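Colleague: For the sequence shown, the residue numbers in this note's numbering are 838 to 996. The beta carbon of each residue, even a glycine, is placed where N, CA and C say it ideally should be. Please read all numbers here as calculations on a predicted model, not as lab measurements. Starting off with a structure, shown below.
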Amino acid sequence: MKLNTDFFDDRENLENIAEKIIFTGPIDKYYDYKFGELEYRSLRFESEILEEQNHQGNAVVNYTEYEVPYTRIIEHKHFEFDTESPKTIITKEYPDSWNKEKEPYYPVNDEKNNNLYQKYVAISKENNKVIFGGRLGSYKYYDMDKVIMEALNLVKQEL
Ligand SMILES: Cc1cc2nc3c(=O)[nH]c(=O)nc-3n(C[C@H](O)[C@H](O)[C@H](O)COP(=O)(O)OP(=O)(O)OC[C@H]3O[C@@H](n4cnc5c(N)ncnc54)[C@H](O)[C@@H]3O)c2cc1C
């Protein structure tokens, strides 16, 4: 097993040693963006330490109002059992535009991008050595339970 290795840094070697590849990176990058780049939405995070024991009483609060510039506040201590500290750390999430230097958080599943994705799916069917999976390989937003279900279904199909 090789960890901390970018597939694209050692692509030729990795493709030669593997009988099957499960690729969970961006499908358009795998094909060197030959049909064009798929678009994403990104996020910007701002964290702060607050001099209060409890800011929002919950790990996650979503904000949907147009006037509020962030989409949610995470208060990290509520993921843990110990909430006694007199301080608390919160992170505000702001929507951000995306470019290839940034993390591709959410796919933009509009008609243009879905059509482009289908072109990559079509060429992926020509090579059954590579299985594309997960949120980047399938260009689809999945919650964690859904992505695990997708992985289990893929395994069933393959075995
Ligand atoms: C901002 C945000 C908030 C979310 N909040 C929730 C939530 O509250 N609840 C919930 O259920 N789900 C949430 N999700 C969804 C959850 O994160 C996904 O369901 C899950 O991460 C998808 O798993 P995955 O394996 O498809 O993708 P990832 O977790 O992204 O895993 C892909 C893997 O492929 C590897 N990889 C990619 N490219 C390469 C490469 N070139 N070389 C080597 N390795 C590579 C990556 O390192 C990574 O380990 C959220 C997602 C986002 C983006």
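Taking 5 Å as the limit, name every residue whose beta carbon sits nearer than that to some heavy atom of ligand 1, in sequence order.
Modeller: Residues with a Cβ closer than 5 Å to any heavy atom of ligand 1, in chain order: 843, 844, 861, 862, 942, 971, 972, 979, 980, 981 and 984.
Colleague: Give the DSSP bridge partners of residue 859, in chain order.
Modeller: Residue mapping note: residue 859 aligns to position 22 of the sequence shown, counting from 1. Paired residues: 968.
Colleague: Start and end of the alpha helix (DSSP H) containing residue 865?
Modeller: Counting from one through the sequence shown, the residue named residue 865 turns up at place 28. 864-867 is the extent of the alpha helix (DSSP H) around residue 865.
Colleague: Please classify residue 925 as buried or exposed, where buried requires at least 16 neighbouring CB atoms within 10 angstroms.
Modeller: The count along the sequence shown starts at 1 and reaches residue 925 at position 88. Burial call: buried.
Colleague: Find the nearest neighbour of residue 948 within the set 942, 941 and 956, judged by alpha-carbon distance.
Modeller: Translated into the one-based positions of the sequence shown, residue 948 becomes position 111. Cα-wise, what sits closest to residue 948 is 956.
Colleague: Might you give, ordered along the chain, the residues of its own chain that have their beta carbon closer than 7 Å to the beta carbon of residue 907, omitting 5 neighbours on each side?
Modeller: Position 70 of the sequence shown, counted from the first residue, corresponds to residue 907. Within the same chain, residue 907 has close Cβ partners 900, 929, 930 and 931.
Colleague: For residue 944 and residue 963, what's the separation of their Cα atoms in angstroms?
Modeller: Looking up residue 944 in the sequence shown gives position 107. Looking up residue 963 in the sequence shown gives position 126. The straight-line gap from Cα to Cα measures roughly 24 Å.
Colleague: Going by alpha carbons, who is nearest to residue 920 out of 890, 882 and 939?
Modeller: Residue mapping note: residue 920 aligns to position 83 of the sequence shown, counting from 1. When only C-alpha atoms are compared, the closest one is 890.
Colleague: Per DSSP, what kind of secondary structure is residue 933 in: helix, strand or coil?
Modeller: As a working note, residue 933 is residue 96 in the sequence shown. Reduced to three states, the DSSP call for residue 933 is strand.
Colleague: DSSP has residue 883 in a bridge; who is on the other side?
Modeller: The residue labelled residue 883 in the question sits at position 46 within the sequence shown. Beta-bridge pairing links residue 883 to 929.
Colleague: Residue 967 to residue 853, Cα distance in whole Å?
Modeller: Walking along the sequence shown from the start, residue 967 turns up at place 130. Walking along the sequence shown from the start, residue 853 turns up at place 16. For residue 967 and residue 853, the distance between alpha carbons rounds to 12 Å.
Colleague: Cβ atoms of residue 979 and residue 877: under 8 Å apart, would you say?
Modeller: Taking the sequence shown and counting its residues from 1, the one referred to as residue 877 is at position 40. Taking the sequence shown and counting its residues from 1, the one referred to as residue 979 is at position 142. It is not a contact, given that the beta carbons lie outside the stated cut-off.
Colleague: Taking the beta carbon of residue 887 as the centre, do at least 16 other beta carbons fall within 10 Å, making it buried, or is it exposed?
Modeller: The count along the sequence shown starts at 1 and reaches residue 887 at position 50. It is exposed - the Cβ of residue 887 has fewer than 16 other Cβ atoms within 10 Å.
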